[in-house]
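Undergrad: This is the structure I want to talk about, given as structure tokens.
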Amino acid sequence: MNSPLKRVAVACLLMFGLLMANVTYLGAVKAESLRNDSRNVRMLYARYSVDRGWITADNGKTTLAKTVDTGDKQFRFEREYPLGKPFTHVVGWFAPESSSGIEAAMNRYLDGSHPDLVVRRAIDMVSGKPAKGASVDLTLNTKAQEIAYRDLAGTGKRGAVVAIEPKTGKILTMVSVPSYDPNPLAKVDKAAVNKAYNRLDKDENKPLLNRAINLTFAPGSTFKTVTSAAYLSEDESRDENTMVDAPDSLPLPGTNISLPNYHGESCGGRATLVQALTISCNTPFAIMGMEVGYDKLKEQAEKFGVGQQLEIPLKVAPSDIGPDEGKAALAKTAIGQQSNQMTPLQMAMVAAGIANQGTVMKPYLVNKIMGPDGSEIDVTEPEELDEAVTPEVASELTKMMISVVEHGTGSAARLPGITVAGKTGTAETLPGKPSHAWFISFAPVGDPKVAVAVFVESGSAGNDATGGAVAAPIAHDVMQAVLGQ
Amino acid sequence: MTAKRRGAQLGMLAFAVLIVMGAYASVGLGLNGKVPSGMLGYGLGLGGLMLAAYLVLAKWAPWADPLLLPLVTLVNGVGLVMIYRLQEGGIKDASAANQLMWTALGVVMFSATLIVLKDHRTLQRFTYTAGFAGVVLLILPVLPFIGAEHYGARIWMNLGPFSLQPGEFAKLALVVFFAGYLVAKRDVLALAGRRLLFIDLPRARDLGPVLITWAVSIAVLVAEKDLGTSLLLFGAFIAMLYIATQRTSWVLIGFLLFVGGAFLAGQIFTHVQARFDGWLHADSPEVYNAGTSYQLMQGLFSIGSGGILGTGLGRGHPGLTPFSFSDFIFDATGEELGLTGLMAILMVYALIVERGLRTALAARDPFSKLLAGGLSFILAWQVFIIVGGVTRLIPLTGLVTPFMSAGGSALLANWMLIAALVRMSDAARRPPPQAIQDEGLTQVMQR
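Residue numbers (the numbering used here), protein chains in the order written: chain A, -1 to 483; chain R, 3 to 449.
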């Protein structure tokens, strides 16, 4: 009977082999997808078992997101956002099944799973302590942020404000209105969170969107700075006093339409560049755009960052001047219309680039990352994105923009004793629809500390809202808040 | 000559108890950050029990296989720790104290079997008594008043404050019966009938016993809604039939009969159909949401969440799977001890089976070979059915994970099974009595 016994032994071996192979498949190959299955509630427990790192600003002095130990066995650590609404779009929220903003983008540092923190985590695991994440300190200037939010929300309009430190690219302010309280989304009760989220998602004002970086809008006359940059860069002999054609109305080639100036105002037929920008004539910049050509204009825009998929570390929708659709279209593109679409962050980068002698710095939100023990893990080093224009061209552009504030449409942005450079924008959207209002500026000229872009969305701003009337006062307050320190 | 290796056995036994105590401490550290206060009691309890088992073994079966007892101690201990961990995790029905008590009774049964059963070959005399007892034990849960249905399977018997699963004891009785019966009839059953393709078919008139066993298995399946026990008994019978006759055709016939029967049952009875759906389409949202595969998927999530190294004892959420302390204890262990732990546990089971089969190979008479082979196979087969079920290798059938799952009947029966193997290994390894040769006087014919 030994030979059938041996065969039965082989069969047993085979059975154990099958079991082991199958267990290996589950525990090694399929483990990841089993672990992350939405029906596996452990995912949820794991999210709340980590003593998540805090999110701070002002060099750690202001707390934007903190973790509270509830002592609960399954959902031990809950998230709170003490400053609420003004910071929601940047800080984001940490919900049971999703997250947004910095909470999502920096998650691996915050929950301690990043490779940089692996040793620390292993020690926690062995000693049985709950895993502790790293803290993230943001570049935000909380005072300016709150003022920007108060101003913009106070007008009851939709829009965004972005402020950048021109020399480094630090984002000092990033506000999107309407905003919402992130705290209800950070609760552990999935059903309640979903309900709160769905309500926000269905809101016709789209509060969940971060208008500073998720959406692009026609930049209107603020884009004339870019057109001017291309025009000045093309020929070294050109400067602010170069005379350009400024007809009252410009027939667009290949069409039977004419391009008027704003409200049909006259710019006198001929004007210097600085005059044209100061009162924001349309026709001279349309002519300049056509003269420079689509390729050069696009190249100039790209040097300011247009078309790049930036991660700051939040993902930024790429801005775009639109496709090459012929001369008539180009004339409109040059004054920030047609298919020309920019994020408010992109326009802030234009202002910051001009302020920083033509060099655009890569914008960023994370100042530094602090380990659970308080040690510095990473400090962000400023990085150059591109040289948009030469220092000479930047200086001509600056002179033109100073004139806008001192003698032109941007007077609301004047600061006592400080030289401010700026440009207004009032962008047509659809025929018969109200305009977007824009303002970009920087200060102080010579030693720039802040560059701002303020955007107020179409339809919410009232019918005759202009950048100078609606957007410039907000830029004024934000610059003052940053410089006032 | 085989060595007794008693010292090695004692050393390994101590090692097994040490591992279990370490695991016990680890549960406390994982859950509360401190070593559990009752640890010394548990350790001394388990250590004392196993020392007693060892002493009985050393006295009444000194030549026994030295590996069996330490291996069983290890899986029994790990099961105990997991049940303790689940109890501390708030699973109401998991009771480590009960399991320890049943383990103690199991060791008592182990010792009693070794002491009473001086020679396992006496069992052959009780072939038909064992067969009758086995069938009665199988029928008990179906009877009114005594029998009881829990969780959809009518496999329980109420006995005062306890409920027993007589099927676990029926398993032992029936293997004894099969062994005795097959030893007697194997020559007839091995006769070849017609030849079909490459296989010698048995004669039609010899199909009787197979058909009867098949009918009993299907009856168990239908009356008790217990696919697991049905598959377990029938598989064991077929394997033993094969060992006795060497006829592959029996395996084929048995396989076809069972698959056919199960298929028919699946068509007729919804609970069998549900088991198949829950296996094939476990991941589909409809089947999952209907609850059919909920438990299985939760078990798989448990293993998956453990990954390769596991969360560590007391640090996962193994209690999320319903019946994590009984049917699904293997998955629960996988979450906290990881793939590594599961491989080790499977290895221990494989070693127990291997020692049993080795005993069968070394045994000197056909009855012992069949009994040892049958008991070893039924253990392997049970592990395959339940572990395969909870890891979605085969359809899920409710069976006990030997020595690990919470449950008294199974512990008692399996400890008795090990006692029988120990008894037979003692007989197989005992050196044969030396013939006294009176040199010069008698000429021994050398063959």
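Using N, Cα and C, we set each Cβ at its ideal position, and we do this for glycine too.
Which residues, taken in chain order from the region 14 to 42 of chain A, show a beta carbon closer than 7 Å to some beta carbon of chain R?
TA: Taking 7 Å as the upper bound on Cβ-Cβ separation, chain R lies near residues 14, 16, 17, 18, 20, 21, 22, 24, 25, 26, 28, 29, 32, 33, 35, 37, 38, 39 and 40 of the region 14 to 42 of chain A.
Undergrad: Whose C-alpha, out of R:367, R:293 and R:343, is nearest the C-alpha of residue 25 of chain A?
TA: Nearest C-alpha to residue 25 of chain A: R:343.
Undergrad: Compile a chain-ordered list of the residues in the region 362 to 376 of chain R whose CB is closer than 8 Å to at least one CB of chain A.
TA: Along the region 362 to 376 of chain R, going in chain order, the ones with a CB nearer than 8 Å to a CB of chain A are 362, 363, 368, 371, 372 and 375.
Undergrad: With a threshold of 8 Å, are at least 3 pairs of Cβ atoms found where one atom belongs to the region 8 to 18 of chain R and the other to the region 52 to 59 of chain R?
TA: yes
Undergrad: Using CA coordinates, which residue listed in A:258, A:115 and A:223 is at the minimum distance from residue 347 of chain A?
TA: A:223
Undergrad: Do residue 268 of chain R and residue 274 of chain R count as a contact pair if the criterion is CB distance below 8 Å?
TA: yes
Undergrad: Taking the alpha-carbon of residue 354 of chain A as reference, which of A:96, A:449, A:238 and A:249 has the nearest alpha-carbon?
TA: A:449
Undergrad: For residue 355 of chain R, go through chain A and note every residue whose CB falls closer than 7 Å to its CB, in chain order.
TA: 10
Undergrad: Hey, is the region 301 to 319 of chain A in contact with the region 261 to 278 of chain A, meaning 3+ C-beta pairs nearer than 8 Å?
TA: no
Undergrad: Count the C-beta pairs between the region 421 to 431 of chain A and the region 297 to 311 of chain A that are closer than 8 Å, then say yes if the count reaches three, no if not.
TA: no
Undergrad: Taking 8 Å as the CB-CB cut-off, is residue 283 of chain R touching chain A?
TA: no
Undergrad: Mind reading off the beta-carbon distance from residue 341 of chain R to residue 310 of chain R? Whole number of angstroms is fine, and I expect it under 8 Å.
TA: The pair is a contact, with the Cβ atoms about 5 Å apart (cut-off 8 Å).
Undergrad: Under 8 Å, do residue 156 of chain A and residue 307 of chain R count as touching if we go by C-beta distance?
TA: no
Undergrad: Residues of chain A with CB under 8 Å from residue 393 of chain R, in chain order?
TA: 17, 20, 21 and 24
Undergrad: Let me see if you follow: with CB-CB separation under 8 Å, is residue 50 of chain R close to chain A or not?
TA: no
Undergrad: Cα-Cα, which of A:147, A:194, A:135 and A:197 is closest to residue 174 of chain A?
TA: For residue 174 of chain A, the nearest C-alpha among the options comes from A:147.
Undergrad: Applying the criterion that 16 or more other CB atoms from any shown protein chain within 10 Å of the CB defines a buried residue, is residue 245 of chain A buried or exposed?
TA: buried
Undergrad: Looking at the secondary structure, which residues open and close the alpha helix (DSSP H) in which residue 104 of chain R lies?
TA: In the DSSP assignment, residue 104 of chain R falls within the unbroken alpha helix (DSSP H) covering 98 to 118.
Undergrad: Would residue 338 of chain R be called buried (16 or more neighbouring beta carbons within 10 Å of its own) or exposed?
TA: Buried: at least 16 other Cβ atoms inside 10 Å.
Undergrad: State buried or exposed for residue 120 of chain A, treating a residue as buried only when at least 16 other CB atoms are found within 10 Å of its CB.
TA: Residue 120 of chain A counts as exposed, since fewer than 16 other C-beta atoms from the protein chains shown sit within 10 angstroms of its C-beta.
Undergrad: By the 10 Å Cβ neighbour count, where 16 or more other Cβ atoms means buried, how is residue 117 of chain A classified, buried or exposed?
TA: By the Cβ neighbour-count rule, residue 117 of chain A is exposed, with fewer than 16 other Cβ atoms within 10 Å of its own.
Undergrad: Could you pull out every residue in the same chain whose Cβ sits closer than 6 Å to the Cβ of residue 411 of chain A, ignoring the five residues on either side in sequence?
TA: 403, 418, 420, 439, 470, 473 and 474
Undergrad: Can you have a look at residue 167 of chain A and say buried or exposed, based on whether 16 or more other CB atoms are within 10 angstroms of its CB?
TA: By the neighbour-count rule (16 or more Cβ atoms within 10 Å), residue 167 of chain A is buried.
Undergrad: From the DSSP output, read off the bridge partner residues of residue 362 of chain A.
TA: Beta bridge pairing from DSSP links residue 362 of chain A with A:168.
Undergrad: Where do the N-terminal and C-terminal ends of the beta strand (DSSP E) with residue 230 of chain A fall, by residue?
TA: Taken as a continuous stretch (DSSP letters only), residue 230 of chain A belongs to no beta strand (DSSP E), being part of the alpha helix (DSSP H) at 222 to 232.
Undergrad: Please go through the region 10 to 36 of chain A and give each complete alpha helix (DSSP H) segment of 4 or more residues, from N-terminal end onward.
TA: Uninterrupted alpha helix (DSSP H) stretches at least 4 residues long and entirely within the region 10 to 36 of chain A occur at 29 to 33, given in chain order.
Undergrad: Going by C-alpha to C-alpha distance, which of R:415, R:328 and R:283 sits closest to residue 114 of chain R?
TA: Among R:415, R:328 and R:283, the Cα nearest to that of residue 114 of chain R belongs to R:415.
Undergrad: Go ahead and pull the three-state DSSP assignment for residue 387 of chain R.
TA: helix
Undergrad: Does the beta carbon of residue 116 of chain A sit closer than 8 Å to a beta carbon anywhere in chain R?
TA: Chain R, which has no Cβ nearer than 8 Å to the Cβ of residue 116 of chain A, makes this no.
Undergrad: Does the distance from the CB of residue 406 of chain A to the CB of residue 386 of chain A come in under 8 Å?
TA: Contact: no.
Undergrad: Secondary structure at residue 39 of chain A, three-state DSSP: helix, strand or coil?
TA: coil
Undergrad: At which residues does the alpha helix (DSSP H) containing residue 240 of chain A begin and terminate?
TA: That residue, residue 240 of chain A, is in no alpha helix (DSSP H); it is neither H nor E in DSSP.
Undergrad: At the level of alpha carbons, what is the spacing between residue 3 of chain R and residue 433 of chain R?
TA: With a pLDDT of only 44 at residue 3 of chain R, under the threshold of 50, the placement of this residue in the model should not be trusted, and no figure is reported.
Undergrad: Grab the span of the alpha helix (DSSP H) containing residue 428 of chain R for me, first residue to last.
TA: 410 to 431
Undergrad: Have a look at residue 61 of chain R and residue 213 of chain R and give me their C-alpha separation to the nearest angstrom.
TA: 44 Å
Undergrad: Does DSSP classify residue 450 of chain A as helix, strand or coil?
TA: Looking at residue 450 of chain A - three-state DSSP - the assignment turns out to be strand.
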